[in-house]
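Residues 7 to 351 in the working numbering are what the sequence shown spells out, letter by letter.
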Amino acid sequence: MAARRDFTRESLAAGVRAGDRRALARAITLVENREPLAYEVVRDLYPETGGAYAIGVTGPPGVGKSTLISALVRHVRSLDRSVGVISVDPSSPFSQGALLGDRIRLVDHFLDPEVFIRSMGSRGHLGGLAEATLQALLVLDAAGKELVFLETVGTGQGEVEVIGIADTVVLVLMPGSGDSIQALKAGIMEIPDVIAINKMDHPAAKTMLNEVRSILSLDKDRSWKPPIVLTEATTGQNVPELLEKIEAHRAHLESEGHLEERRRKNLAGEVFAIASGRAKAHLEQVVADDPELRRLLDEVQRRELDPLTAVREIMERVFHLSGAWVQPGSGEQSDGDKTDRTDTR
Ligand SMILES: Nc1nc2c(ncn2[C@@H]2O[C@H](COP(=O)(O)OP(=O)(O)OP(=O)(O)O)[C@@H](O)[C@H]2O)c(=O)[nH]1
Ligand SMILES: [Mg+2]
């Protein structure tokens, strides 16, 4: 790694600002490796960010998210707008494009200098994918990308951290993705801002449309009714309509001052999520390295020490929370910001 031609903090920030591909690629690699230089560069660039509009694209495996993003990118480029794509695959240990051409169907855009595409796996993300995704998004934002798509697989809660930073969330379904329908119905899955039912060439597409419609109709109080678009990503059919719906959601957020509010909540949620992730990693590390703390756990197992007393001792030792020790139940505020996002949608 040391053998690479080195960017300085200044030259890397300047390169990112200029949208230089090599600088972008380097900055995101540094972000993935959690190098101090990445942290410094993002810190320098942060005041200039906020111009990009982030679109989260989520949905079950294989529904056509990548193909759809590829079609959206093609359309967005025909409108002469710049675009970035971050494809996050928590199940994959690979990153840095190792999956490109295989699972990520975005290869046709590689030669376009206004399109920057990056895939991220779980490799090396000690602080979690949420952190790497946020930092990479900020880099693309500072590079002047107008739109940034964030792809992540998911049907329930797990992907929330990754797309929790998106301004608009698009859920992609395909005929037959019944689990997601159930999750939506049961309220396990948050209602997205826009729904794409992809593979509309499939005979069951209309049935799926009706099912989704009936689920959404149960929820009448929203100020934004999530539109449903049937798409065929492989041919690009209805892709312009999908972008229109995304833009309509953006206009809705902007017109009522909700975009700022949503971004405030999203950023607060990211900060808490990343801080929690780090606290957890720290806790695990300290317990692993400290025989005394491990002994506590043994005592719990032998019923010599009750679990909450062990918690209390761990908190005191690891986080030095002795004076500020709070009883369980008084801390429910901590993740409220993260989950309570529905009112801005
Ligand atoms: N018939 C049909 N096939 C499609 C359509 N869109 C995508 N596919 C195919 O579905 C398969 C999966 O597409 P991807 O774009 O890789 O799906 P994905 O959701 O990104 O998949 P993961 O990232 O692996 O979760 C590919 O073989 C696509 O060619 C469509 O509109 N119609
Ligand atoms: Mg994909």
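Positions of the beta carbon are idealized from the N, C-alpha and C atoms, including for glycine.
Cut-off 8 Å between Cβ atoms - residues of its own chain near residue i, not counting five sequence neighbours on either side
i           : result
residue 2   : The first residue shown for the chain is 7 and the last is 351, placing residue 2 beyond what the model contains.
residue 218 : 179, 187, 190, 201, 203, 234
residue 15  : 43, 46, 47, 50
residue 311 : 302, 305
residue 81  : 242, 245, 246, 249
Residue range of the beta strand (DSSP E) that includes residue i
i           : result
residue 124 : 121 to 126
residue 158 : 153 to 159
residue 179 : 174 to 179
residue 92  : 89 to 94
Neighbour-count burial assignment, residue i, 16 or more Cβ in a 10 Å radius
i           : result
residue 188 : exposed
residue 216 : exposed
residue 263 : exposed
residue 59  : buried
residue 61  : buried
residue 281 : exposed
residue 212 : exposed
residue 248 : buried
residue 291 : exposed
residue 124 : buried
residue 260 : exposed
residue 194 : exposed
residue 156 : buried
residue 36  : buried
Residue range of the unbroken alpha helix (DSSP H) whose run includes residue i
i           : result
residue 277 : 264 to 295
residue 143 : 135 to 148
residue 16  : 15 to 23
residue 171 : Taken as a continuous stretch (DSSP letters only), residue 171 belongs to no alpha helix (DSSP H), as it is neither H nor E.
residue 84  : 71 to 84
residue 182 : Residue 182 -> no alpha helix (DSSP H), and no H or E assigned at all.
residue 54  : Element bounds for residue 54: n/a, residue is neither H nor E.
residue 27  : 27 to 38
Bridge-paired residues (DSSP) for residue i
i          : result
residue 59 : 153
residue 65 : 159
Close beta carbons around residue i, own chain, < 7 Å, minus the five adjacent residues each side
i           : result
residue 121 : 79, 83, 89, 115
residue 232 : 197, 198, 199, 200, 201, 222
residue 236 : 203, 206, 211, 215, 244
residue 319 : 302
Beta-carbon proximity list for residue i, same chain, < 6 Å, skipping 5 on both sides
i           : result
residue 321 : 327
residue 12  : none
residue 175 : 62, 169, 198, 199
Within-8 Å CB hit, residue i to chain B
i          : result
residue 30 : Although the question refers to chain B, the structure presented lacks it and comprises just one protein chain.
Suppose only complete runs of 4+ residues qualify. What are the alpha helix (DSSP H) ranges in the region 194 to 260, listed by chain order? Those alpha helix (DSSP H) runs which fall completely within the region 194 to 260 and span 4+ residues are 211 to 223.
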